[in-house]
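Asker: Okay, so the sequence shown: first residue is 0 according to numbering that gives the first Met the number 0, each after it adds one.
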Amino acid sequence: MPHSALPAPELNLEVTSKSTPAAGSGRPMYYEYQPEKTVKAQHGTTLRCKTWEAEAALRMLENNLDPAVSLVYDELIVYGGAGRAARNWKEYQTIVRTLKNLEPDETMLVQSGKAVGVLRTWAHAPRVLIANSNLVPAWSTQEHFDELDRLGLMMYGQMTAGSWIYIATQGILQGTYETFAAVAERHFSGTLAGTVTVTAGLGGMSGAQPLAVTMNDGVCLVIEPIDERVKQKMREGYLDEQARNLDHALELCEQYRKERKGWSIGLTGNAATVLPELLARGYKADIVTDQTSAHDLLDYIPEGDLAAVLQLRQDNPAEFRQQALASIMKHCQAIIDMQKAGSVALDYGNNLRGQAEKGGLKVRDEQGQFLYPGFVPAYIRPLFCEGKGPFRWAALSGDPQDILRLDRALLETFPDDKLLARWIEKAQAKVPFIGLPARVCWLGYGEREKFGLVINELVARGEVSAPIVIGRDHLDCGSVASPNRETEGMKDGSDAVADWPLLNALANCASGADWVSLHNGGGVGIGNSTHSGMVIVATGTPEKAERLKRVLTTDPGMGILRHADAGYELAQQVARERGVLIPG
0 MPHSALPAPE LNLEVTSKST PAAGSGRPMY YEYQPEKTVK AQHGTTLRCK TWEAEAALRM
60 LENNLDPAVS LVYDELIVYG GAGRAARNWK EYQTIVRTLK NLEPDETMLV QSGKAVGVLR
120 TWAHAPRVLI ANSNLVPAWS TQEHFDELDR LGLMMYGQMT AGSWIYIATQ GILQGTYETF
180 AAVAERHFSG TLAGTVTVTA GLGGMSGAQP LAVTMNDGVC LVIEPIDERV KQKMREGYLD
240 EQARNLDHAL ELCEQYRKER KGWSIGLTGN AATVLPELLA RGYKADIVTD QTSAHDLLDY
300 IPEGDLAAVL QLRQDNPAEF RQQALASIMK HCQAIIDMQK AGSVALDYGN NLRGQAEKGG
360 LKVRDEQGQF LYPGFVPAYI RPLFCEGKGP FRWAALSGDP QDILRLDRAL LETFPDDKLL
420 ARWIEKAQAK VPFIGLPARV CWLGYGEREK FGLVINELVA RGEVSAPIVI GRDHLDCGSV
480 ASPNRETEGM KDGSDAVADW PLLNALANCA SGADWVSLHN GGGVGIGNST HSGMVIVATG
540 TPEKAERLKR VLTTDPGMGI LRHADAGYEL AQQVARERGV LIPG
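And the structure:
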């Protein structure tokens with residue numbers, strides 16, 4: 000039986016806001032409105048809303064908050080430090096009530112986790128439009144956002160948390176797998192067998208790294224300060240083994256390195272402490288990276304006794320930030336030093352380098368380039384030039400068999416794609432379904448449209464038992480401006496041009512997506528990125544097939560337009576070959 004068909008894991012047992020307020024925010028949460036019954040996505044074919052599109056939005060919102068999926072349920076925090084699905088429990092209830100009453104030609108407007116209006120639009124218009132965390136540029140600072148958040152006027156949407164298309168750790172897994180496969184191809188003769196990767200973080204996103212490394216046959220040592228997170232990822236199947244201490248961890252690493260066996264080891268500790276210790280011992284990792292929550296200083300756990308620093312975060316956030324920054328600088332310097340000692344170093348997009356730079360650490364060379372590169376410019380950008388990125392779908396039925404049926408259809412649709420076949424085989428064997436069953440797969444321009452129509456036809460024929468939600472990460476080829484991550488080091492210097500994600504959101508609305516979102520700060524923190532998301536629901540109707548054709552061509556097409564405009568010859572070539580219209 001595929002691992003992904005196994006029962007869902009236990010609830011996330013992290014400390015909740017009722018005992019420790021999230022990051023000492025003091026934000027109003029209106030607990031009197033918290034549902035008595037734990038929020039989980041409804042399964043089956045019974046509608047509570049007037050359309051499947053509104054029902055899909057409701058189920059995906061519920062899925063984001065499912066305690067098996069979310070990071071801190073009581074605070075409505077889904078992942079990424081403080082990324083929330085709704086502003087507070089009162090506004091959550093309002094969103095649910097509004098979705099249930101939404102007419103087939105109405106659109107709900109959501110401003111930072113609060114339903115603020117319902118407009119009469121068109122049946123083919125989006126049912127939901129979402130804007131999260133967006134501030135006028137001169138005011139787009141973490142400090143200004145934090146004050147608005149404290150007052151209950153705004154929330155951090157992260158990427159897929161506030162746009163209701165999060166699918167737990169699997170959501171980033173294939174992209175992480177693709178990245179490590181590219182590292183293997185460039186540096187290690189096509190395989191990570193016999194190599195050790197050292198990284199840190201076992202949250203909702205970073206938890207993908209150990210499994211992605213082992214899927215490429217490497218050994219992964221991952222450092223995480225919260226012991227329960229280590230155990231959680233073992234329960235979920237993303238981590239193989241927990242080490243007793245650093246000595247034990249290194250013994251295991253060397254054992255599996257010699258055996259050339261893919262295996263992951265979790266170590267409870269702090270990267271700012273452990274990485275310098277590895278250097279002091281002369282231990283050489285083959286690859287070093289990191290995916291802790293560094294984008295907001297309140298979400299990065301500094302060195303010290305865990306209970307004490309969490310209490311400090313509640314009692315004295317300013318001092319906590321200072322200690323977090325000091326640990327980030329130490330952590331980042333250790334990665335730079337490990338690179339000098341011969342490790343392949345890459346940043347995995349959490350803005351660790353940017354925060355260290357703010358603290359005064361030298362993280363760039365004389366030409367202004369980072370001393371170690373981000374994963375997108377180093378390994379992923381060629382895929383973006385082809386319109387490829389993290390495409391995903393979820394079964395509203397709640398039935399894992401629907402996803403397994405789509406897996407078969409995917410392989411039948413692209414029979415010559417050996418990398419895709421390898422991914423599906425490994426995903427079925429190793430990736431659990433958490434919350435609503437879902438799958439992620441990197442597909443490009445033309446491929447998304449083709450498979451979207453296959454999905455719609457399977458729904459129409461009843462070969463899957465309910466409509467399928469189709470979406471993607473905000474980290475995609477044409478939907479984000481993020482100078483320290485996705486758009487780092489653009490060929491023409493247009494790293495910070497945010498017109499592209501704005502155009503992406505507008506184009507998806509015009510093409511007929513079912514809900515569209517526009518956020519600030521996801522992945523790298525407030526003021527450091529602008530990004531958009533889209534979702535469309537395959538309901539099996541001919542009308543929806545027409546909208547799927549447009550949306551799933553428009554959306555990845557924005558990636559080709561963006562990179563062709565920046566001067567990437569591969570994107571220009573793809574545009575010519577596939578008929579992407581570019582004036583001039």
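By construction, the Cβ of each residue, glycine as well, lies at the ideal position given by its N, Cα and C atoms.
1. What are the boundary residues of the alpha helix (DSSP H) that includes Thr97?
2. Three-state secondary structure (DSSP) at Ile335?
3. Measuring only the C-alpha atoms, how far is Ile547 from Gly79?
4. Would you tell me roughly how many angstroms separate the C-alpha atoms of Ile381 and Lys339, rounded to the nearest one?
5. Just to check my reading of the structure: Ile286 and Thr194 have Cβ atoms closer than 8 Å, yes? What is that Cβ distance to the nearest angstrom?
6. In chain order, what are the residue ranges of uninterrupted alpha helix (DSSP H) at least 4 long that sit wholly in the stretch 450-531?
7. Cutting at 7 Å between CB atoms, please list the residues of its own chain near Lys449, excluding the five before and the five after it.
8. Comparing alpha-carbon positions, which option in Arg126, Ala40, Gln92, Met233 lies nearest Tyr585?
9. Which residue's Cα is closest to the Cα of Val534: Gly558, Ile467, Trp121?
10. Alpha carbon to alpha carbon, how far is Ala344 from Ser464?
11. Please state whether DSSP places Thr267 in a helix, a strand or coil.
12. On the criterion of 16 or more Cβ atoms from any shown chain inside 10 Å, does Ala323 qualify as buried, or is it exposed?
13. Quick one: give me the first and last residue of the alpha helix (DSSP H) that Cys252 is part of.
14. Decide if Gly521 is buried, meaning its Cβ has at least 16 other Cβ atoms within 10 Å, or exposed.
15. Taking the CB atoms as reference points, tell me whether Glu485 and Leu474 lie closer together than 8 Å.
16. Which of the three DSSP states, helix, strand or coil, is assigned to Tyr176?
17. Among the residues of its own chain, which have a CB less than 6 Å from the CB of His518, if the five just before and after it don't count?
18. Since Val287 sits in a beta bridge, which residues does DSSP pair it with?
19. Cβ of Asn455 versus every heavy atom of the ligand FAD: is any distance shorter than 7 Å?
20. Measure the alpha-carbon distance for Ile164 versus Trp514 and round it to whole angstroms.
21. Could you give the residue range of the alpha helix (DSSP H) that holds Trp441?
22. Which runs of the beta strand (DSSP E) at least 3 residues long sit entirely within the stretch 114-183? Give them in chain order.
23. Anyone know if the C-beta pair for Ala56 and Val127 falls short of 8 Å?
24. Quick one: residues in its chain with C-beta nearer than 8 Å to the C-beta of Arg404, no 5 flanking neighbours on either side, listed in chain order?
25. With distances taken between CB atoms, is the gap from Pro209 to Tyr176 smaller than 8 Å?
26. Hey, Pro103 and Thr50 are a contact pair by Cβ (cut 8 Å); roughly how many whole angstroms apart?
27. State yes or no: is the C-beta of Ala114 within less than 8 Å of the C-beta of Glu90?
28. Looking at chain C, is there any beta carbon in it that lies within less than 8 Å of the beta carbon of Ala284?
29. Which term fits Arg185, buried or exposed, when burial requires 16 or more other beta carbons within 10 angstroms of its beta carbon?
30. Expressed to the nearest angstrom, what Euclidean distance is found between the alpha-carbon atoms of Asp314 and Gly359?
31. Taking the alpha-carbon positions, what's the Leu297 to Arg312 distance?
32. Count the other C-beta atoms from every protein chain shown that fall within 10 angstroms of the C-beta of Pro66, then say buried if there are 16 or more, exposed otherwise.
33. Using beta-carbon positions only, say whether Ala183 and Leu191 come within less than 8 Å of one another.
34. Taking the straight line between their C-alpha atoms, what separation do you get for Lys230 and Met328?
35. Using the three-state DSSP reduction, which class does Pro8 fall into: helix, strand or coil?
36. Could you check if Val135 is buried or exposed, using at least 16 other CB atoms within 10 Å of its CB as the buried criterion?
Answerer: Taking the definition as stated:
1. 88-100
2. helix
3. The sequence as given places Leu at residue 547; Ile does not occur at that position. Computed Cα separation, rounded: 30 Å.
4. With the sequence shown as reference, residue 381 is identified as Pro, and Ile is not the correct amino acid for it. C-alpha separation (whole angstroms): 27 Å.
5. 7 Å
6. 498-510
7. Thr412
8. Outside the shown range of the chain, which is 0 to 583, sits residue 585, and nothing can be said about it.
9. Ile467
10. 45 Å
11. strand
12. buried
13. 245-258
14. buried
15. yes
16. helix
17. Asn131, Ser132, Gly156, His530
18. Val197, Ala344
19. No copy of the ligand FAD occurs in the structure displayed, which carries no ligand at all.
20. 10 Å
21. Looking at the DSSP string, Trp441 is not in any alpha helix (DSSP H); the run it does join, the beta strand (DSSP E), is 437-442.
22. 127-131
23. yes
24. Leu457, Glu462, Val463
25. no
26. 5 Å
27. yes
28. In the displayed structure, chain C is absent; only one protein chain is listed.
29. exposed
30. 26 Å
31. 7 Å
32. buried
33. yes
34. 28 Å
35. With a pLDDT of 36 at Pro8, under the threshold of 50, the modelled position of this residue cannot be trusted; read the value that follows with caution. Pro8 falls in the coil class under three-state DSSP.
36. exposed
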